[in-house]
Amino acid sequence: MSAVAGSSPFRVVHTVCSHDCPDSCGVLVTVNEEGRAVRVVGDPAHPVTQGFLCGKVAKYLDLVYAPERILYPLKRKPGVTKEPLTRGREHEAFERVSWDEALGAIAERLKHVAEDFGPESILPYSYAGTIGVLGFGSMDRRFFHRLGACQLDRTICSEAGGEAWKLVYGKKLGMPTEDFRLARLVLAWGANIHGNNVHLWPMVEQARRNGARLIVIDPYKTRTAALADWHIAIRPGTDAALALGMMQVILNEGLENREYIDEMTHGFTQLAERAREYTPERVAAWTGMTASEVEQLAREYATTQPAALRMNYGVQRSENGGTAVRAIAMLPALTGAWKHRGGGAQLSTSGAFKWDEEAVRRPDLAMASPLGRLARVVNMCRLGEALAEQASGIEDAGPENAPAVKALFVYNSNPGAVAPNQNSVRRGMERPDLFTVVHELFFTDTTDYADYILPATTFLEHTDVQGAYGHYFLQLSQQAIEPPGEARSNVWLFSQLAQRMGFREECFRDTPEQIIRQALAIGPDGHATNMDMEHITFEDLKDLGHIPLGFHLQPETRPFQPYTSGKLPTVSGKVEFFSEKLAAQGIDPLPSFVPPTESRWGEAAKRFPLEFLGRKADNYMNSTFAHLDGHRKMEARKRHRLEIHPTDAEERGIADGDSVRIWNDRGELKLTALFNASLPPGVVAGQLDWAKLSATGGNVNALTSERLTDIGAGATFYSTLVEVAKTDSQQPQ
Ligand SMILES: Nc1nc2c(c(=O)[nH]1)N[C@H]1C(S)=C(S)[C@@H](COP(=O)(O)OP(=O)(O)OC[C@H]3O[C@@H](n4cnc5c(=O)[nH]c(N)nc54)[C@H](O)[C@@H]3O)O[C@H]1N2
Ligand SMILES: Nc1nc2c(c(=O)[nH]1)N[C@H]1C(S)=C(S)[C@@H](COP(=O)(O)OP(=O)(O)OC[C@H]3O[C@@H](n4cnc5c(=O)[nH]c(N)nc54)[C@H](O)[C@@H]3O)O[C@H]1N2
Ligand code: SF4
Ligand SMILES: [Mo]
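Residue numbers (the working numbering): 67 to 799.
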């Protein structure tokens, strides 16, 4: 791939977009003779990328060559307090140091913290700045295991849904993305396909050209919903009720698939009994739909085959989000949709990529740490609480008295913008005694609190291997250009730090290629030994860029239809309507609808009557890209807006375009009202942006809570109650 085409002075290098997106696009980077990337395009040979990139990454060189990239290690100037800094003036708080000095000082400080307070007072904090296997979790994990630092429970995104799906099916697999084109009905449930998963869209379009209908279930009229045949603007957090109501109708009308149920599922009788409680009328009262809409949806879903359900993680960011995903996930099993090629469901395909995680992350190194065991676990959704003196965000305090967090090491994440309960997070990060290191590309809402900032690389500047959670192709991302300035990859950083700490294990010197070989468990004959990857060699991967997993090699003659035969990795070996695992834990083994405490039915709704959705932007990636002019322009209409139903606005004397204050007990925001009559009344919406770019210096997460989901201990961004008023009106604080 990196071969020079003819006599052209340009090279084309195969990379992989490493943003946290289901699509994991193959990206071809053209590099000129000076070694500068001049063009990025989607790989036309990749069956899912199909030669195009989303609007965000099509402009990727704006990010790679942004003048405000951090290029050198920086150290906080003596005496400068930790507080939000004005954008563009961050440099004033820091001074340039050499890598040598930065690494030496950080290692020294970490050693001291570990000695004085125990290594479990050191908290790594990372998420999905890159989802490459190496960048997301390899040398960093080795380092922190060996150090004895806290383990981080990475729950901020998909744990609730992921765990819920596994309760039903045992493993995260779904129908192949390409097969959506064969569907006769596409049901997008809490899935903004057009905004967040755009490479599924051409498949949906093809299905529609062949007569398929698209139904979207989302409180917000997304681009996807606007293009649908039917948009159901469901009230937030009521999806479990709807799924159970659909089951009631399906069973009442005998539309279930007995053959599939008998052969493949466990607990049908109990589920049928439970579903009986969810009459269309009751479900209508919760969801805001009419009873006949509930019936129509159930009938259409059960009687159209193939029916493809795309559920994304939007559904599970609610207090009852785990149960919602579990109930929805049961629908294709009830109707036997899996049996039809082009039918079934997809939440994630990630379970198919069987990396040798132990080899890559080396949890065994924890035995060589001063603890001699795996360290305590901190849930990343409760960062604010973990950083508070009393440290209540720590799930597993370990055997002895849990020390407070004294050092925070952030990479691949911008918790100052993305973590829930922003004010609590900030109070923690402002602590003068907390030693904070941030490895980043830009001055973000998090770097403002750093003692040291270290420059990181983009996916064009390092080598990695990547799977996907929205397709079945393994890909190699080759380094296309030299990092600018002194930017260095995550692997390099933690390898260097390990040397400074005096960690002698060989694995700290592994090169990226060695770690990739370990991840694939390449055997003596050069082939991967992991299941479904046995046909893959490192050399082929280098030549081809992408290779389908074994079961997806001949999609036309041997299509992959998961959960249609054999034993599943659940307790019963079947698709579980009745969860044996939950039953063993004394938890209700059947799904039921419990309204979120932060919803219109909750106690807090008396003071904060509006349900708030702090959503992702179509043209950013969580907080990434939000500071780049080109990307901001694409969001111009919605930036710093509070979308509100005209009825809710008028009740509060708010006119379109008024400046409004949005608040609850955790924080407040000032935004401009934007009327949106397609929202369900009682629901308001805002967008994730950088906190430092907004009027109050806070973003939507100033309002969200650290409460966790029912299953998977995930974040509950979409269970948030607020009140809204015109900024100039006198409302109690
Ligand atoms: N453009 C863009 N693409 C992205 C991202 C981004 O920030 N921008 N983020 C990436 C990441 S990290 C992820 S995890 C994926 C996530 O992809 P999605 O899961 O699609 O992401 P969300 O936007 O969180 O949620 C999808 C939709 O769920 C809706 N929703 C909220 N509450 C509810 C509810 O209670 N019920 C129902 N039915 N719907 C609800 C929201 O309005 C939203 O439109 O996308 C990735 N892709
Ligand atoms: N209100 C609200 N909050 C949300 C969400 C929501 O929908 N609403 N979505 C949640 C979800 S689903 C997720 S996944 C999280 C995402 O949270 P994060 O994973 O923190 O995502 P980003 O905001 O993209 O920040 C990633 C950071 O990593 C940096 N980075 C990129 N590549 C590298 C690298 O190779 N090395 C290092 N060291 N750094 C790198 C980027 O510059 C960027 O600042 O946000 C969550 N927060
Ligand atoms: S963000 Fe998603 S759609 Fe855009 S290039 Fe990356 S993987 Fe593809
Ligand atoms: Mo996410």
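Glycine is no exception: its CB is placed at the ideal position from the N, C-alpha and C atoms.
Range of the contiguous alpha helix (DSSP H) that encloses Ser-358: On the sequence shown, residue 358 is found 292 positions in, with the first residue counted as 1. 357 to 369 is the span of the alpha helix (DSSP H), which, as asked, contains Ser-358.
Closer than 6 Å: Lys-792 CB and nearest ligand 2 heavy atom: Indexing the sequence shown from 1 puts residue 792 at position 726. Result no, Cβ not under 6 Å from ligand 2.
Beta-carbon contacts of Arg-207 that lie in its chain and below 6 Å, excluding the five residues immediately before and after: By one-based count along the sequence shown, residue 207 stands at place 141. Only Arg-427 meet the Cβ criterion.
Of the residues Glu-347, Glu-385, His-85 and Asn-323, the one placed nearest Leu-119, counting alpha carbons only: Taking the sequence shown and counting its residues from 1, one reaches residue 119 at position 53. Of Glu-347, Glu-385, His-85 and Asn-323, the residue nearest in Cα terms is His-85.
Leu-151 versus Val-107, Thr-510, Glu-622 and Arg-727, residue with shortest Cα-Cα distance: Counted from its first residue, the sequence shown places residue 151 at position 85. Checked all of Val-107, Thr-510, Glu-622 and Arg-727; the closest Cα to Leu-151 is Thr-510.
Three or more C-beta pairs below 8 Å linking the stretch 663 to 673 and the stretch 262 to 275: no
Neighbouring residues (CB closer than 5 Å to any heavy atom of ligand 3): Working through the chain, the matches are Cys-83, His-85, Cys-87, Asp-89, Cys-91, Leu-119, Cys-120 and Val-123.
Beta-carbon separation (whole angstroms), Asn-767 vs Ala-485, contact threshold 8 Å: Position 701 of the sequence shown, counting from 1, holds the residue named residue 767. Position 419 of the sequence shown, counting from 1, holds the residue named residue 485. Contact holds; Cβ gap of about 6 Å.
Where Ser-631 falls, given that 16 or more other Cβ within 10 Å makes a residue buried: For the purposes of this step, residue 631 is taken as the residue at position 565 of the sequence shown. Per the 10 Å Cβ criterion, exposed.
Simplified DSSP assignment, three categories, for Gln-412: Mapped onto the sequence shown, residue 412 falls at position 346. Looking at Gln-412 - three-state DSSP - the assignment turns out to be strand.
Beta-ladder partner(s) of Met-377, from DSSP: As a first step, residue 377 must be located in the sequence shown, where it is residue number 311. Trp-255.
Buried or exposed by the 16-neighbour rule on C-beta atoms within 10 Å, applied to Gln-46: Nothing about residue 46 can be reported from this structure: the residues present for the chain run from 67 to 799 only.
His-223 Cβ short of 6 Å to ligand 4 heavy atom set: By 1-based counting over the sequence shown, the position of residue 223 is 157. Per the sequence shown, the amino acid found at residue 223 is Cys instead of His. Because some heavy atom of ligand 4 lies under 6 Å away, the Cβ of Cys-223 counts as near it: yes.
For Arg-275, the nearest candidate out of Trp-296, Leu-251 and Glu-167 (CA to CA): The sequence position of residue 275 within the sequence shown is 209, counting from 1. It is Leu-251 whose Cα lies nearest to the Cα of Arg-275.
Contact set for Gly-551: own chain, Cβ-Cβ below 7 Å, skip 5 residues either direction: Taking the first residue of the sequence shown as position 1, residue 551 is located at position 485. Taken in chain order, the residues that qualify are Leu-137, Tyr-138 and Pro-521.
Range covered by the beta strand (DSSP E) that runs through Asn-730: If you number the sequence shown from 1, residue 730 lands on position 664. 725 to 730 is the extent of the beta strand (DSSP E) around Asn-730.
Ile-188 (DSSP reduced to helix, strand or coil): Stepping through the sequence shown from its first residue, residue 188 is reached at position 122. Residue state, collapsed to three classes: strand.
Rounded C-alpha distance that separates Ala-463 from Arg-727: Position 397 of the sequence shown, counted from the start, is the residue given in the question as residue 463. Position 661 of the sequence shown, counted from the start, is the residue given in the question as residue 727. Confidence at Ala-463 is low in this model, with a pLDDT of 47, below 50, so its placement is unreliable and no value can be given for it.
Exposed unless 16 or more other CB atoms sit within 10 angstroms - verdict on Glu-149: In the sequence shown, counting from the first residue as 1, residue 149 sits at position 83. Looking at its Cβ environment, which holds fewer than 16 other Cβ atoms inside 10 Å, Glu-149 is exposed.
Heavy atom of ligand 1 within 6 Å of Lys-682 beta-carbon: The residue given as residue 682 occupies position 616 in the sequence shown. Within the cutoff, so yes.
Option in Ile-547, Cys-447 and Glu-359 with minimal Cα separation from Glu-99: As a working mapping, residue 99 is identified with position 33 in the sequence shown. For the set Ile-547, Cys-447 and Glu-359, the Cα lying nearest the Cα of Glu-99 is the one of Ile-547.
Residues near Val-104 in its chain [Cβ-Cβ closer than 6 Å; skip 5 each side]: Numbered from its first residue, the sequence shown carries residue 104 at position 38. Correct list, in chain order: Thr-96 and Asn-98.
Other residues of its chain near Ala-516: CB distance less than 6 Å, five sequence neighbours each side excluded: By one-based count along the sequence shown, residue 516 stands at place 450. Cβ-Cβ distances below 6 Å link Ala-516 to Thr-502 and Val-504 in the same chain, with the five nearest sequence neighbours on each side left out; the list follows chain order.
Run of the beta strand (DSSP E) containing Leu-542, from where it starts to where it stops: Position 476 of the sequence shown, counting from 1, holds the residue named residue 542. Segment 539 to 543, the beta strand (DSSP E) holding Leu-542.
Where Lys-792 sits in the DSSP three-state scheme: For this step, residue 792 is matched to residue 726 along the sequence shown. Here Lys-792 sits in strand by DSSP.
Span of the beta strand (DSSP E) around Ala-739: For the purposes of this step, residue 739 is identified with residue 673 of the sequence shown, where counting begins at 1. Start and end: 733 to 741.
For Ser-416, the nearest candidate out of Cys-87, Gln-651 and Gln-580 (CA to CA): Position 350 of the sequence shown holds residue 416. If we check each option's Cα against that of Ser-416, Cys-87 comes out closest.
Neighbourhood of Arg-439 by C-beta, 8 Å cutoff - its chain only, sequence neighbours within 5 removed: Within the sequence shown, numbered from 1, the residue matching residue 439 stands at position 373. Ala-432 and Met-433, listed in sequence order.
Three or more C-beta pairs below 8 Å linking the stretch 304 to 320 and the stretch 383 to 394: yes
Buried or exposed by the 16-neighbour rule on C-beta atoms within 10 Å, applied to Pro-110: Locating residue 110 in the sequence shown gives position 44, where the first residue counts as 1. Answer is exposed; the Cβ neighbour count stays below 16.
Sheet register partners of Gly-198 (DSSP bridge): What you label residue 198 is simply residue 132 of the sequence shown in a count that begins at 1. BP columns for Gly-198 are empty, so no partner.
Three-state secondary structure assigned by DSSP to Lys-141: Position 75 of the sequence shown, counting from 1, holds the residue named residue 141. Lys-141 falls in the strand class under three-state DSSP.
Coil, strand or helix - Tyr-126 by DSSP: Residue mapping note: residue 126 aligns to position 60 of the sequence shown, counting from 1. The three-state reading of DSSP puts Tyr-126 in helix, counting H, G and I together.
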